[in-house]
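Student: Counting from 22, one number per residue, gives the positions in the sequence shown under this note's numbering. Where is the CB? At the ideal position from N, CA and C, for every residue including glycine.
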Amino acid sequence: MSDFWSLIEDSAGHADRAGWIECRLAARTPAEIVEFDVAFTAARRRAETWTMWAAAYRITSGLSSGDGFWYFLPWLVGLGRDSFDRLTADPDALAEVPQVRRLATMRADQWTDDDWPEWEALNYVSRQAYDTATGESEGIIDALRALHHDYPEDPAPTGGRWAFDDETEMDRRLPRLSALFPSMR
22 MSDFWSLIED SAGHADRAGW IECRLAARTP AEIVEFDVAF TAARRRAETW
72 TMWAAAYRIT SGLSSGDGFW YFLPWLVGLG RDSFDRLTAD PDALAEVPQV
122 RRLATMRADQ WTDDDWPEWE ALNYVSRQAY DTATGESEGI IDALRALHHD
172 YPEDPAPTGG RWAFDDETEM DRRLPRLSAL FPSMR
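1. Output the distance between the C-alpha atoms of residue 90 and residue 48, rounded to the nearest integer angstrom.
2. Could you check where the alpha helix (DSSP H) with residue 89 kicks off and where it finishes?
3. What are the start and end residues of each continuous alpha helix (DSSP H) run of 4 or more residues lying completely inside the stretch 137–199, in chain order?
4. Within 10 angstroms of its Cβ, does residue 92 collect 16 or more other Cβ (buried), or is it exposed?
5. Is it right to say residue 69 is buried, meaning 16 or more other beta carbons lie within 10 angstroms of its own, or is it exposed?
6. Can you give me the start and stop residues for the alpha helix (DSSP H) that residue 40 sits inside?
7. Quick check on the burial criterion: 16 or more other C-beta atoms within 10 angstroms. Buried or exposed for residue 196?
8. Count the other C-beta atoms from every protein chain shown that fall within 10 angstroms of the C-beta of residue 127, then say buried if there are 16 or more, exposed otherwise.
9. Using the Cα positions of residue 170 and residue 58, report the straight-line distance between them to the nearest angstrom.
10. Suppose you measure from the CA of residue 160 to the CA of residue 56; what does that come to, to the nearest Å?
11. Do you know offhand how far residue 54's Cα is from residue 182's?
Encoded structure:
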């Protein structure tokens, strides 16, 4: 979808960003909604690496399970195309993101729901918009399969897996985040 990033970026500033996107998608054709989902999945997959998961794990003081990482990825997308491109190329650059720097000033148990670097609702906007536009419950899944695409529901990170609790490895791979969020021991 040529305006995938425009919808993501134009949603910034709206109290219910996911609802805003869903409303705009539901007014489009089913094919355009599927295109949005395919573009979202492609973006998510670009960021879905073991190093990015380690970055999320470090930022959240070890509270980034599979689900936590699954919700972290849309948050990355929500930062906008330029930030997303920079961060997928260098996950350690998350240490420069103002929201992440703010989190470093607090303990994770002090974070509010709004503080957490996650945007779970974005995972479902295309599914809900498709349901609204077509009246078919979960019809997007069949539409995606017809195009030989799956509707992903779990992270499948790429790259070499490593132990996120290995401080030496964390310091080596993510030095700026390690300095911003000192040892989790």
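Tutor: This is what the structure holds:
1. Residue numbering aside, residue 90 sits at position 69 when the sequence shown is read from its first letter. Residue numbering aside, residue 48 sits at position 27 when the sequence shown is read from its first letter. Approximately 30 Å between the Cα atoms of the pair.
2. Taking the sequence shown and counting its residues from 1, the one referred to as residue 89 is at position 68. Note, residue 89: alpha helix (DSSP H), 87–99.
3. Within the stretch 137–199, the complete alpha helix (DSSP H) runs of at least 4 residues fall at 146–155, 160–167 and 188–194.
4. On the sequence shown, residue 92 is found 71 positions in, with the first residue counted as 1. By the 10 Å Cβ count, residue 92 comes out buried.
5. On the sequence shown, position 48 is the one that residue 69 refers to. If you draw a 10 Å sphere on the C-beta of residue 69, you find 16 or more other C-beta atoms in it, and that means buried.
6. Position 19 of the sequence shown, counting from 1, holds the residue named residue 40. Run containing residue 40: 38–47, per the alpha helix (DSSP H) assignment.
7. The residue given as residue 196 occupies position 175 in the sequence shown. It counts as exposed.
8. For this step, residue 127 is matched to residue 106 along the sequence shown. Result: exposed.
9. Taking the sequence shown and counting its residues from 1, one reaches residue 170 at position 149. Taking the sequence shown and counting its residues from 1, one reaches residue 58 at position 37. So the alpha carbons of these two residues sit roughly 10 Å apart.
10. Your numbering for residue 160 matches position 139 in the sequence shown. Your numbering for residue 56 matches position 35 in the sequence shown. Distance between the alpha carbons of residue 160 and residue 56 is about 14 Å.
11. Here residue 54 refers to the residue found at position 33 of the sequence shown. Here residue 182 refers to the residue found at position 161 of the sequence shown. Approximately 34 Å between the Cα atoms of the pair.
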